[in-house]
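Read the structure below first, then the notes.
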Amino acid sequence: AGKYGGIADPDGSRLQQAYVDLTMIPDTKLRIGRQAILLDDVRFFGDIGWRNTAQTFDAVTLTNKSIKDTTVFLGYANNVNTIFFREDEYDGIYIANVKYSGVKGHTQTLFSYLVDVDEDQFKKGPSVAKDVATYGARFTGAFDDLKYDLTYAKQTEFEDTDDIDAQFFQAELAYKMGS
């Protein structure tokens, strides 16, 4: 070992994604199978894509864009394929994400992520150790040269957990100076 830390990626490979997309309903996509789920800034749901083996979900997801300027994403997953080649089973991961972009240059998103851990898997050390509900909102956009990205989320107990009460707030502002 040299003077730098090791890379945490394990040796090996696996099937990253394998899914079927059904698009028979206008403005709607139903995806079934192993898939990456990338929502918003991927803070709460993402694939950790810069790793050699990305995180994926065995899931059913529905994306609907039939309402003007609105994207509705709903999902259910029961398995997370982690970056460490673990397959963590869950009693259920319920995903709702609604994004509105009807105001030019601005986006508003409401989300709810409910994670119900399989108690037998908990003993093996799953990605998420407790049942948790996350509710939040995200606002992004720009006013001329001022850009903003604001997120608020609240985590609370869900299903078999009764000791979670956390809040998250993120604010990013950027201003373009000069020409």
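Position in the sequence shown counted from 1, then plus 45, gives you the numbering used here. Where is the CB? At the ideal position from N, CA and C, for every residue including glycine. For clarity, every value in this text was computed on a predicted model and none was experimentally measured.
Length-filtered (3 minimum) beta strand (DSSP E) runs lying within the segment 118-193:
132-145, 151-162, 177-188
With contact counted as at least three CB pairs below 8 Å, one residue from each stretch, are the segment 174-182 and the segment 114-122 in contact?
no
CA-CA distance, M69 and R76?
The residue given as residue 69 occupies position 24 in the sequence shown. The residue given as residue 76 occupies position 31 in the sequence shown. Computed Cα separation, rounded: 12 Å.
Please report the straight-line C-alpha distance between V162 and K221, rounded to a whole angstrom.
Locating residue 162 in the sequence shown gives position 117, where the first residue counts as 1. Locating residue 221 in the sequence shown gives position 176, where the first residue counts as 1. About 44 Å.
Start and end residues, beta strand (DSSP E) containing G78:
In the sequence shown, counting from the first residue as 1, residue 78 sits at position 33. From DSSP, the beta strand (DSSP E) with G78 extends over 73-80.
Would a C-beta distance cut-off of 7 Å place Y135 and N123 closer than the cut-off?
Position 90 of the sequence shown, counting from 1, holds the residue named residue 135. Position 78 of the sequence shown, counting from 1, holds the residue named residue 123. Yes.
Considering only their Cβ atoms, is the gap separating S157 from A141 smaller than 7 Å?
Against the sequence shown, residue 141 aligns to sequence position 96. Against the sequence shown, residue 157 aligns to sequence position 112. Yes. Within cutoff.
CB of D208 within 7 Å of CB of T201, strictly
Indexing the sequence shown from 1 puts residue 208 at position 163. Indexing the sequence shown from 1 puts residue 201 at position 156. No. Outside cutoff.
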